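Novice: Top to bottom, those sequences are chains A and B.
Residue numbering for the first sequence follows the working numbering, starting at 1 and increasing by one per position.
Residue numbering for the second sequence follows the working numbering, starting at 395 and increasing by one per position.
Dumping the structure here so I can ask a few things about it.
Protein chains: 2
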Amino acid sequence: MIEINKNYLNIKKSYLFAEVNKRSREYLEAHPDEKLLILGVGDITQPLCDSVISALHSAVDDQSKKESFHGYMPECGSDEFRTAVVSYYKKFGVNFEKNEVFVSSGALDELGDILKLFSDNNSALVPEPAYPAYVETNIISGHRVIHLPALPENGFTALPDYGIDADIIYLCSPNNPTGAAYSYDVLSKWVEYAKAKKSIIIFDAAYESFIVDRDIPHSIFELEGSRQCCIEICSLSKTAGFTGMRCGYTVIPNELVFDGISLNALWTQNRTTITNGVSYVLQKAGAAALSEEGQRQTKQAVKIYQKNAEVLTKALDECKITYYGGKNSPYIWMRCPNDMNSWDFFDFLLNKAQIVGTPGAGFGECGNYYFRLSAFGDPEDTVLAGERIKDMFK
Amino acid sequence: MIEINKNYLNIKKSYLFAEVNKRSREYLEAHPDEKLLILGVGDITQPLCDSVISALHSAVDDQSKKESFHGYMPECGSDEFRTAVVSYYKKFGVNFEKNEVFVSSGALDELGDILKLFSDNNSALVPEPAYPAYVETNIISGHRVIHLPALPENGFTALPDYGIDADIIYLCSPNNPTGAAYSYDVLSKWVEYAKAKKSIIIFDAAYESFIVDRDIPHSIFELEGSRQCCIEICSLSKTAGFTGMRCGYTVIPNELVFDGISLNALWTQNRTTITNGVSYVLQKAGAAALSEEGQRQTKQAVKIYQKNAEVLTKALDECKITYYGGKNSPYIWMRCPNDMNSWDFFDFLLNKAQIVGTPGAGFGECGNYYFRLSAFGDPEDTVLAGERIKDMFK
Numbered sequence: 001m002i003e004i005n006k007n008y009l010n011i012k013k014s015y016l017f018a019e020v021n022k023r024s025r026e027y028l029e030a031h032p033d034e035k036l037l038i039l040g041v042g043d044i045t046q047p048l049c050d051s052v053i054s055a056l057h058s059a060v061d062d063q064s065k066k067e068s069f070h071g072y073m074p075e076c077g078s079d080e081f082r083t084a085v086v087s088y089y090k091k092f093g094v095n096f097e098k099n100e101v102f103v104s105s106g107a108l109d110e111l112g113d114i115l116k117l118f119s120d121n122n123s124a125l126v127p128e129p130a131y132p133a134y135v136e137t138n139i140i141s142g143h144r145v146i147h148l149p150a151l152p153e154n155g156f157t158a159l160p161d162y163g164i165d166a167d168i169i170y171l172c173s174p175n176n177p178t179g180a181a182y183s184y185d186v187l188s189k190w191v192e193y194a195k196a197k198k199s200i201i202i203f204d205a206a207y208e209s210f211i212v213d214r215d216i217p218h219s220i221f222e223l224e225g226s227r228q229c230c231i232e233i234c235s236l237s238k239t240a241g242f243t244g245m246r247c248g249y250t251v252i253p254n255e256l257v258f259d260g261i262s263l264n265a266l267w268t269q270n271r272t273t274i275t276n277g278v279s280y281v282l283q284k285a286g287a288a289a290l291s292e293e294g295q296r297q298t299k300q301a302v303k304i305y306q307k308n309a310e311v312l313t314k315a316l317d318e319c320k321i322t323y324y325g326g327k328n329s330p331y332i333w334m335r336c337p338n339d340m341n342s343w344d345f346f347d348f349l350l351n352k353a354q355i356v357g358t359p360g361a362g363f364g365e366c367g368n369y370y371f372r373l374s375a376f377g378d379p380e381d382t383v384l385a386g387e388r389i390k391d392m393f394k
Numbered sequence: 395m396i397e398i399n400k401n402y403l404n405i406k407k408s409y410l411f412a413e414v415n416k417r418s419r420e421y422l423e424a425h426p427d428e429k430l431l432i433l434g435v436g437d438i439t440q441p442l443c444d445s446v447i448s449a450l451h452s453a454v455d456d457q458s459k460k461e462s463f464h465g466y467m468p469e470c471g472s473d474e475f476r477t478a479v480v481s482y483y484k485k486f487g488v489n490f491e492k493n494e495v496f497v498s499s500g501a502l503d504e505l506g507d508i509l510k511l512f513s514d515n516n517s518a519l520v521p522e523p524a525y526p527a528y529v530e531t532n533i534i535s536g537h538r539v540i541h542l543p544a545l546p547e548n549g550f551t552a553l554p555d556y557g558i559d560a561d562i563i564y565l566c567s568p569n570n571p572t573g574a575a576y577s578y579d580v581l582s583k584w585v586e587y588a589k590a591k592k593s594i595i596i597f598d599a600a601y602e603s604f605i606v607d608r609d610i611p612h613s614i615f616e617l618e619g620s621r622q623c624c625i626e627i628c629s630l631s632k633t634a635g636f637t638g639m640r641c642g643y644t645v646i647p648n649e650l651v652f653d654g655i656s657l658n659a660l661w662t663q664n665r666t667t668i669t670n671g672v673s674y675v676l677q678k679a680g681a682a683a684l685s686e687e688g689q690r691q692t693k694q695a696v697k698i699y700q701k702n703a704e705v706l707t708k709a710l711d712e713c714k715i716t717y718y719g720g721k722n723s724p725y726i727w728m729r730c731p732n733d734m735n736s737w738d739f740f741d742f743l744l745n746k747a748q749i750v751g752t753p754g755a756g757f758g759e760c761g762n763y764y765f766r767l768s769a770f771g772d773p774e775d776t777v778l779a780g781e782r783i784k785d786m787f788k
């Protein structure tokens, strides 16, 4: 008799963004003439850049002719894609072997898949507020989840607590949802902690292209000692507008060895055994996005989002509302005005200003009185949202 | 301290196709002037059909403009893709609700992912010879694997044994590697068994488009009672040449309920929680492949492969070599001549005729004296291979 994985029942029923969408939909049904300003879900609004578009068309043409047709891809990534990632990291002074880079179907899918490297007897440490998937993937795998509140006192960058024994540690910098960017100093404390505890840091670098300050690491592998205790999961979703494309990458250093077992070798075995890799056309698109020309072009979209962040933070400044992020990050983590809780503030903003943001409560309990604004929205909508915020709170 | 998933160590080190590729490469290095006839790995050789190519170009154009750009996709599949699958199944007289269809990144990835529905305390029954992934995905998940030899006496279609208690049952029809197509009669015995044991059949229908006999089911859901005990995993790799594209689908009926838990609801939760769905461009391509016009066009490639199968089976007939499959299937499962074992026969064919096939031993112990020929090769190469087989064994 089959035994169902009942861990799913431990996941909170109403998923954050589903609830946000539901309330937005209901508002529009009741007010069919209104237009919502969407600063909620972290989806992007700018199209793919020309380099990526022409790489895609050319890859599709390859698939139309017998001479250039590509079947099964190398499961860990095409040589071209892996080489493109290695070159990309050189900008940060980080050097990899090609075999340390793995193509993925994007960061979220990879966060779930990567847990197959570990037994189910591990604990996961999640500094909160956090992207819900860190918690949920671990619940599904039956891991014990340790919630570590990241406090406003240290700018929402959590610090390690040696009283806690954690096996898998999630760090996301620049952070979703708080926008907090972890400094070298704080990250090196985490690397030390991971080495002391013989645990592994899963570093989510999905928002690294928003970093402007020179002292904020783009990659955990800029830190000394990180190759013995870190895995980096990265995305092209926000860097290059790939939310609807699905191609990212993961770095597992050759030095990541526990009990004499190389996690790079294990992941290679995982990929070559139970996947057929990522689409030829998507890897071509990913390599184009990471090329010099692709990078010049994708920076244009990033600049538009950075400008959006500036519009929103200026509005909050004028209203004297406390917030974090917005610099080095597409997310602004604001304190809800008048001690409103985050779902009340969500309803308030929706009803009074037709602005859709994301309630902090969806990112963990310590987010109850905070609210996330995203800079990925349409620029005109963002300007309008800034005006409305000023009208209400200045 | 992190605990690594040591189940990987229980997987046989040398993966079948890796070893096939290694020996082929070594042969070519020693004989640089020879050309190999590749009838080994199940990759396809015909390009994508026009309908799919134009859907891809048009989807790429959508991604180039702000007005038509698509970001995050619905995680379980776009409405268009799910509708296309529902329509496709109507040909077999099988009716689904749209919510019962899930888009996937292809059958192999899905075979691993789907195990997240079940606890790790399950056993998996694999009729062998079998596609190695059934065994390996279950080893990685720590499941007990029960090997059930499918014997030549019943044409390599295994029959259930009520003395065995199995929780997850793998059936692949038309079968990889044996080419055996399961009849209604045999499949209904399996559905009865699964219902009696309260177990679940994972039905791999990747090769259904090769079925020509009218009495062979294309889908397990043609069987009465199957909606209470079956999941169907399907691929567009062989139907529409998607090996390098990565888009398939999985059907989980609403009636699949255990302990009051709906597996359809659980999988919906899995997908919406830990994936961001499948690429917009790939789902557009998949829907085009499943359309009426796409089906007419993809049938042309299937016909080329069916012709290849005919060439090979005729050669074996003339040589009076025993084989299975080749009809209703792109695979031919031949008895190795002169009681050679399968790796010896691999080396023999490689060295004497420059033909690369797949040793039966790679599909389980009972395949030791069998050999798989694939009809997915180049038609000219296949004709040449047929000639060489006749020259050697007639």
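Think of the CB as a built atom: it goes at the ideal place given N, C-alpha and C, for glycine as much as any other residue.
All figures in this text were calculated on a predicted structure; none of them were measured in a lab.
Using CA atoms only, rank isn't needed, just tell me which of B:P546, B:D775, B:A683, B:E712 is closest to I444 (chain B).
Specialist: First, the amino acid is wrong: residue 444 (chain B) is Asp here, not Ile. Here the closest residue by C-alpha is B:A683.
Novice: What residues are listed by DSSP as bridge partners for V145 (chain A)?
Specialist: Paired residue(s): A:A124.
Novice: Going by DSSP, which residues form a beta bridge with L767 (chain B)?
Specialist: DSSP output for L767 (chain B) lists B:I726 as bridge partner(s).
Novice: So L511 (chain B) contacts chain A; which residues on that side make the cut at Cβ distance below 8 Å?
Specialist: I4, N5, listed in chain order.
Novice: Give the single residue among B:C713, B:K591, B:V606, B:E586 whose Cα lies nearest to the Cα of S567 (chain B).
Specialist: It is B:V606.
Novice: Report buried or exposed for D507 (chain B), applying the criterion of at least 16 other Cβ atoms within 10 angstroms of its Cβ.
Specialist: It counts as buried.
Novice: Does R296 (chain A) pass the burial test, meaning 16 or more other C-beta atoms within 10 Å, or should it be called exposed?
Specialist: It is exposed - the Cβ of R296 (chain A) has fewer than 16 other Cβ atoms within 10 Å.
Novice: Among B:S535, B:A659, B:V777, B:E616, which one has its Cα closest to the Cα of A487 (chain B)?
Specialist: First, the residue type needs correcting, since residue 487 (chain B) is Gly and not Ala in the sequence shown. That would be B:E616, whose Cα lies nearest to the Cα of G487 (chain B).
Novice: Since G688 (chain B) is in the alpha helix (DSSP H), which residue starts that stretch and which ends it?
Specialist: Looking at the DSSP string, the run of the alpha helix (DSSP H) that includes G688 (chain B) is 686-712.
Novice: For the region 621-639 of chain B, which residues have a CB atom closer than 7 Å to at least one CB atom of chain A, in sequence order?
Specialist: Of all residues in the region 621-639 of chain B, T637, G638, M639 have a Cβ within less than 7 Å of some Cβ in chain A.
Novice: Counting only the same chain and skipping the five closest in sequence on each side, list residues whose C-beta sits under 7 Å from that of H541 (chain B).
Specialist: Excluding residues within five positions, the ones whose Cβ falls inside 7 Å are V520, E522, G758.
Novice: If we call anything under 8 Å between Cβ atoms a contact, is K284 (chain A) one with L56 (chain A)?
Specialist: Yes, Cβ-Cβ distance for K284 (chain A) and L56 (chain A) is below 8 Å.
Novice: Please identify, using Cβ separations under 7 Å, the residues of the region 57-75 of chain A that lie next to chain B, in order along the chain.
Specialist: Per Cβ criterion, the list reads H57, V60, Q63, S64, K65, K66, F69, H70, G71, Y72, M73.
Novice: Starting from I4 (chain A), follow the beta strand (DSSP E) in both directions and report where the run begins and ends.
Specialist: No beta strand (DSSP E) contains I4 (chain A), which DSSP labels as neither H nor E.
Novice: Name, going along the chain, the residues of the region 265-293 of chain A whose beta-carbon falls closer than 8 Å to a beta-carbon of chain B.
Specialist: Here the close residues are L266, Q269, N270, T272, T273, I274, T275, N276, G277, V278, S279, Y280, V281, L282.
Novice: Give me the residue from A:F346, A:I355, A:S342, A:I274 with the minimum Cα distance to Y402 (chain B).
Specialist: Answer by Cα proximity: A:I274.
Novice: Do R766 (chain B) and T348 (chain B) come within 8 Å of each other at the CB atom, strictly closer than that value?
Specialist: This structure leaves residue 348 (chain B) out entirely; chain B is present only between 395 and 788.
Novice: Go ahead and label E224 (chain A) buried or exposed: buried means 16 or more other beta carbons lie within 10 angstroms of its beta carbon, across all protein chains shown.
Specialist: With fewer than 16 other Cβ atoms within 10 Å, it is exposed.
Novice: Using the Cα positions of E712 (chain B) and W727 (chain B), report the straight-line distance between them to the nearest angstrom.
Specialist: Approximately 16 Å between the Cα atoms of the pair.
Novice: At a CB distance below 9 Å, what residues from the region 154-186 of chain A approach chain B? Give them in sequence order.
Specialist: Of all residues in the region 154-186 of chain A, D165, D167, I168 have a Cβ within less than 9 Å of some Cβ in chain B.
Novice: Taking 8 Å as the threshold, find out whether the region 165-181 of chain A comes into contact with the region 200-219 of chain A through three or more Cβ pairs.
Specialist: At 8 Å Cβ cutoff, the stretches touch.
Novice: Run through DSSP, which three-state label would L743 (chain B) get?
Specialist: L743 (chain B): helix per DSSP, three-state reduction.
Novice: Name, please, each residue of chain A whose Cβ falls closer than 9 Å to the Cβ of D741 (chain B).
Specialist: Simply none; closest approach about 23 Å.
Novice: DSSP beta-bridge partners for V356 (chain A)?
Specialist: DSSP, once it has assigned bridges, lists A:I38 as partnering V356 (chain A).
Novice: With a floor of 4 residues, list each alpha helix (DSSP H) that falls wholly inside the region 75-117 of chain A, ordered by position along the chain.
Specialist: Listed in chain order, the complete alpha helix (DSSP H) runs (minimum 4 residues) inside the region 75-117 of chain A are 79-90, 107-113.
Novice: Sort B:E547, B:K429, B:N415, B:S620 by Cα distance to C760 (chain B) and report the nearest one.
Specialist: Closest by alpha carbon: B:E547.
Novice: Using the C-alpha atoms, what's the distance from D43 (chain A) back to S237 (chain A)?
Specialist: Rounded to the nearest angstrom, the two C-alpha atoms are 8 Å apart.
Novice: Quick one, which residues of the region 123-155 of chain A are near chain B if we go by CB-CB under 7 Å, in chain order?
Specialist: So the close ones are A133, E136, T137, I140.
Novice: Measuring CB atoms only, is the region 95-104 of chain A touching the region 245-256 of chain A, in the sense that at least three cross pairs come out at less than 8 Å?
Specialist: Segments in contact, yes.
Novice: Name the chain A residues whose beta carbon is nearer than 7 Å to that of Y587 (chain B)?
Specialist: Residues of chain A passing the Cβ test: none, with the nearest at roughly 13 Å.
Novice: Which stretch, first to last residue, makes up the beta strand (DSSP E) that contains Y323 (chain A)?
Specialist: That run of the beta strand (DSSP E) goes 323-325.
Novice: Across which residues does DSSP place G248 (chain A) in a beta bridge pair?
Specialist: Answer is A:S104, A:S235, bridged to G248 (chain A).
Novice: Excluding the 5 residues flanking R144 (chain A) on each side, which residues of the same chain have their C-beta closer than 6 Å to its C-beta?
Specialist: Excluding positions up to five away in sequence, the list reads S123.
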